[in-house]
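Notes follow the structure.
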Amino acid sequence: MPGQLSFLFPSPDNLHVILAGSWLLTNSPPSSDEIARQLQSRSDINRISFDGSDVTQWDSGLLTFLARIYQLASQHKIDIDPGGLPDGARRMMDLATAVPPKEGMGKGGEESSLIERVGLISLSMWRAAPEMLHFLGEVTLSFGRLFRGTAQFRRSDLMLVIEDVGPHALPIVSLISFLIGLIVAYMGAVQLAQFGAQIYIANLVSLGMTREMGALMTGIIMAGRTGAAFAAQLGTMQVNEEIDAFRTMGFNPIDFLVLPRMLALILMMPLLVLYSGIVGITAGMFVSVTAFDIGTFEYYQQTVRSMAWSHIWVGVIKGTVYGILIAFAGCLRGMQCGRSAQAVGEATTSAVVTGILFIVIAASLLTILFQQLGI
Amino acid sequence: MAAADVQHKIDPDDHITVQDLTMAYGDFIIQRDLNFSIRRGDIFIIMGGSGCGKSTLLRHLIGLKVPANGRVLFDGISYWESPPADQERIKRGFGMSFQSGALWSSLTLAENVALPLGEYTDLAPADIAEVVSLKLSLVGLAGFGEFYPSEISGGMQKRAALARAIALDPEILFFDEPSAGLDPISSRRLDDLIQELRDSLGTTIIVVTHELASIFTIGDNSVFLDAETRTMITTGDPRTLRDESPDPGVRYFLNRGKI
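Residue numbers (my numbering), protein chains in the order written: chain W, 1 to 375; chain C, 1001 to 1259.
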């Protein structure tokens, strides 16, 4: 039998609630609205009592019903006599009302206006700037200690990070660089072929890959691959209080965790950029030889003629700058990470976004700078 | 039919029966030949030294790990020999409070408790909200529904995890180290709460712990696992075991290394 609800008035000021049947959450027990109506219409009620002797089964269904009545009673300042309730239910209700609800602990209920939100976001960005500068300062000091030879970190950590950001990145860097070389060669070739100047594909690809594309694509790959990994590693260490453990034991977490990661990328990025250039030029050669009837040796000679050391230097310098920025963004977001799984996800996303943003800004500035210097 | 194979004859008062259970990770045996039963409405303690496989036993009981040998019966029905639909049904009757709470950090406390309700019942959102506020007030967290797990203390996280565990009115509640990391008063309150849930709702409760104070306060029955012999040494009321167990290792453990 599903839950049944009825009431009596033994005296005009006493509402006697009779419960019967099975009060399970799953078979929709009676609602408390009827009781609310009674309390509304009969203002002389000042006591609610129960008879639950015919309740066969109950679970949270009965308890939520009772919780609602208790709430109504306290609104109307009415006494509750729980004596007639099933024993267990009475004790659960005692438990539920033992700790009064925390008042005023709710989270700012009102929707903030657009202007207010813009203001809050601007303020939080304004506050983020000194944090970034603080981290930059710490990293600079750490490099100072490195050059004086007093930075404490494990050489084996450095080697592990180098292995991870260098050799392990080769397959993806190869693939992307090859495809980029292919695209540059093809796009250029179609235009150059109109003038019968296909041989200049070699110039286009070698210059494009060494000066710009090699460094830029490697930078973006490494931001997604390594910057994200740095943020996730450091963020998880933050969650597990490992970074606090370093601090307490007198290790500088910047020296111990950030320095090897920055160093590894600074050392590996130039090599990856050079490698990316070589792969891209090979792709260009592949396109020219197979699709545009240029001899392998011809292409090689044209490439050598078009290249200058300055092009290679420009690419390598850009790559190194990108490496510093990626490692900086990854470590910064990792060290700033909060203490939950959610926060680690945010730190990782933010590391990639910040890394790519830094790269694009640096790419523009460096390109203008080198142009002005005439290199 | 399959139903005949999975049904076993047991004492009707036994809620969970463990028969010849062997637990292993690959070839590495953690515990072998476990035989004990848990009666309906008991608070059952799984105890033993660190690393003896207490938590592993719990993971076998809640169906997270497959036994290497033997079976676990719920009301006489063998869990691992049942078809997946029946396993789901049995599992629906479980509530589990994990060692570190395991609250979903991207959800508020109210959302944590509401998620199983929304998934497994067809209650209207307003009814779910009422059940959620009831469960939170049962564990003394009324009014904290809007908070994220990272914004409350460890003891509160444990209680919130309990609110989530009892969201679906489970028949069996599992606790992994409920008092780990709690101060004596909070841990005592949690013990009271566990006892109250059993007394009021008749829930069968299984607790993994080595907190002696709480073992003697709440435990009706227990099993003692030994790391060296890799099997259970004894089962019974922990207070009796403390004073009268024939095994000196058990008495040593239950008297904090003093006999």
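We put the CB at the ideal spot given by N, CA and C, even for glycine. The model shown is predicted, which means the values in this text are computed figures rather than measured ones.
Between which two residues does the beta strand (DSSP E) carrying residue 1020 (chain C) extend? Stepping through the second sequence from its first residue, residue 1020 (chain C) is reached at position 20. Counting along the chain, the beta strand (DSSP E) containing residue 1020 (chain C) begins and ends at 1014-1025.
Residue 280 (chain W) vs residue 222 (chain W) beta-carbon contact at 8 Å: Position 280 of the first sequence, counting from 1, holds the residue named residue 280 (chain W). Position 222 of the first sequence, counting from 1, holds the residue named residue 222 (chain W). Their beta carbons are not under 8 Å apart, which means residue 280 (chain W) does not touch residue 222 (chain W) by this criterion.
Of the residues C:1052, C:1165 and C:1253, which one's Cα is nearest the Cα of residue 1093 (chain C)? By one-based count along the second sequence, residue 1093 (chain C) stands at place 93. Residue C:1165 is the option with its Cα nearest to residue 1093 (chain C).
By DSSP, does residue 1039 (chain C) sit in helix, in strand, or in coil? Taking the first residue of the second sequence as position 1, residue 1039 (chain C) is located at position 39. Here residue 1039 (chain C) sits in strand by DSSP.
Using DSSP with H/G/I as helix, E/B as strand and the rest coil, what is residue 32 (chain W)? Here the question's residue 32 (chain W) lines up with position 32 in the first sequence. Looking at residue 32 (chain W) - three-state DSSP - the assignment turns out to be coil, as it is neither helix nor strand.
From this set, C:1257, C:1250, C:1097 and C:1226, which residue's C-alpha is nearest residue 1033 (chain C)'s C-alpha? Here residue 1033 (chain C) refers to the residue found at position 33 of the second sequence. Of the candidates C:1257, C:1250, C:1097 and C:1226, the one whose C-alpha sits nearest the C-alpha of residue 1033 (chain C) is C:1226.
Nearest CA to the CA of residue 95 (chain W): which residue from C:1137, C:1126, C:1162 and C:1068? Working through the first sequence from its first residue, we reach residue 95 (chain W) at position 95. When only C-alpha atoms are compared, the closest one is C:1137.
Continuous alpha helix (DSSP H) assignments of at least 4 residues falling wholly in the region 169-204 of chain W: 170-193
Determine whether the Cβ of residue 33 (chain W) lies closer than 8 Å to any Cβ atom of chain C. On the first sequence, residue 33 (chain W) is found 33 positions in, with the first residue counted as 1. Chain C contact via Cβ: absent.
For residue 184 (chain W), the nearest candidate out of W:288, W:21 and W:328 (CA to CA): Numbered from 1 along the first sequence, position 184 holds the residue referred to as residue 184 (chain W). Residue W:288 is the option with its Cα nearest to residue 184 (chain W).
Using a Cβ-Cβ cut-off of 8 Å, state whether residue 1086 (chain C) counts as contacting chain W. The count along the second sequence starts at 1 and reaches residue 1086 (chain C) at position 86. Cβ-Cβ to chain W under 8 Å: no for residue 1086 (chain C).
Can you find a C-beta in chain C that's less than 8 Å from the C-beta of residue 171 (chain W)? If you number the first sequence from 1, residue 171 (chain W) lands on position 171. No, residue 171 (chain W) does not count as interfacial toward chain C.
Considering only residues of the same chain and omitting the five flanking positions on each side of residue 61 (chain W), which have a CB-CB separation below 6 Å? Counting from one through the first sequence, the residue named residue 61 (chain W) turns up at place 61. If we look at residue 61 (chain W) and ignore the five residues flanking it on each side, its Cβ neighbours are 23, 24, 25 and 29.
Label residue 171 (chain W) either buried or exposed according to how many other C-beta atoms from any shown protein chain fall within 10 Å of its C-beta, with 16 as the threshold for buried. In the first sequence, residue 171 (chain W) corresponds to position 171, counting from 1. Burial call: exposed.
Thinking just about the alpha-carbon of each residue, which of C:1150, C:1119, C:1190 and C:1098 is nearest to the one in residue 1139 (chain C)? Counting from 1 along the second sequence, the entry for residue 1139 (chain C) is found at position 139. When each option's Cα is compared against that of residue 1139 (chain C), the closest is C:1190.
Flag this pair as touching only if the region 1082-1101 of chain C and the region 1166-1177 of chain C have three or more C-beta atom pairs under 8 Å; answer yes or no. yes
Under three-state DSSP, which class holds residue 1004 (chain C)? Counted from its first residue, the second sequence places residue 1004 (chain C) at position 4. Residue confidence for residue 1004 (chain C) is low, a pLDDT of 47 falling below 50, so the modelled location carries little weight; the figure read from the coordinates is stated next. Residue 1004 (chain C) falls in the helix class under three-state DSSP.
Where does residue 45 (chain W) fall in DSSP's three states? By one-based count along the first sequence, residue 45 (chain W) stands at place 45. In the structure shown, residue 45 (chain W) sits in coil (DSSP, three-state: anything other than H, G, I, E or B).
At a CB distance below 8 Å, what residues from the region 326-358 of chain W approach chain C? Give them in sequence order. 338, 339, 340, 341, 342 and 343
Take the Cβ of residue 147 (chain W) as the centre, count every other Cβ of all protein chains shown within 10 Å, and call the residue buried at 16 or more, exposed below. To locate residue 147 (chain W), count along the first sequence from 1; it is residue 147. It is exposed - the Cβ of residue 147 (chain W) has fewer than 16 other Cβ atoms within 10 Å.
List the residues of chain W whose Cβ lies closer than 8 Å to the Cβ of residue 1131 (chain C), in chain order. To locate residue 1131 (chain C), count along the second sequence from 1; it is residue 131. Within chain W, the residues near residue 1131 (chain C) are 25, 60 and 64.
Rounded to a whole number of angstroms, what is the C-alpha to C-alpha distance between residue 364 (chain W) and residue 1091 (chain C)? Here residue 364 (chain W) is taken as the residue at index 364 of the first sequence, counted from 1. Here residue 1091 (chain C) is taken as the residue at index 91 of the second sequence, counted from 1. Approximately 59 Å between the Cα atoms of the pair.
Under 8 Å from the C-beta of residue 88 (chain W): neighbouring residues of chain C: Residue numbering aside, residue 88 (chain W) sits at position 88 when the first sequence is read from its first letter. Result: 1199, 1200, 1201 and 1202.
Please state the DSSP three-state secondary structure of residue 1153 (chain C). Residue 1153 (chain C) sits at position 153 when you count from the first residue of the second sequence. Looking at residue 1153 (chain C) - three-state DSSP - the assignment turns out to be coil, as it is neither helix nor strand.
What does DSSP give as the partner residue(s) for residue 1108 (chain C) in the beta ladder? In the second sequence, counting from the first residue as 1, residue 1108 (chain C) sits at position 108. In DSSP, residue 1108 (chain C) forms no bridge with anything.
Mind checking who residue 1031 (chain C) pairs with in its DSSP beta bridge? Numbered from its first residue, the second sequence carries residue 1031 (chain C) at position 31. Answer by DSSP bridge pairing, in chain order: C:1023.
Contact list for residue 68 (chain W) against chain C, beta-carbon separation under 8 Å: As a working note, residue 68 (chain W) is residue 68 in the first sequence. Ordered by position in chain C, the residues that pass the 8 Å Cβ test against residue 68 (chain W) are 1130.
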